[in-house]
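Encoded as structure tokens, the structure appears first; notes follow it.
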Amino acid sequence: MKTLDALLAVSILSLSSLALAEGGGDRVYGQMIQNNQQAMARYAAENGKAVAEIVHYEYGMKLDVKKVVGITPANKSCGVGPSRMTYEDSNGKLKTVEYRLLGDNCPNGG
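Numbering (mature numbering (1 follows the signal peptide of the UniProt record, and there is no 0)), first residue to last: -21 to -1, 1 to 89.
Quick look at the structure:
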């Protein structure tokens, strides 16, 4: 488990620096999402869980989050892009929700 945590931390830090270098373009978003999906598939396999189906968030959707497993980092520009959160619900089932997120580098705080 500590190995997985370290792997996720390194992946997130690597992706953050890549996003800065690339300016947060579509290619970077695609790579972040792909890396997240691969990491979550490894997590599912290592923990004997089914790979989570990706559900697109809708306003007002109720989420039963017991443990957050992984989140894609915010983009480093001021654009809106996809992000994913994978979590275990109160029954231990692995779930992933995809949503749109404003980058964290907007003038005047967004």
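Positions of the beta carbon are idealized from the N, C-alpha and C atoms, including for glycine. Everything numeric in this text was worked out from a predicted model, so none of it was measured.
Residues of its chain near residue i, where Cβ-Cβ distance is below 6 Å and the 5 sequence neighbours each way are ignored
i	result
Asp80	Position check: residue 80 holds Leu in this sequence, whereas Asp was assumed. Ala53, Ser62, listed in sequence order.
Val30	Ala20, Ala23
residue 142	Summary: the structure shown does not reach residue 142, with the chain confined to residues -21 through 89, and so no result is reported for it.
Proximity winner among the options, relative to residue i (alpha-carbon distances)
i	options	result
Glu37	Asn87, Pro86, Glu77	Glu77
Cα-Cα separation, residue i to residue j
i	j	result
Ser69	Val48	13 Å
Glu67	Gly9	24 Å
Met40	Gly27	27 Å
Gly58	Asn87	14 Å
Gly71	Lys45	8 Å
For residue i: DSSP bridge partner residues
i	result
Ser62	Tyr78
Residues near residue i in its chain [Cβ-Cβ closer than 7 Å; skip 5 each side]
i	result
Ile12	Thr51, Pro61, Arg63
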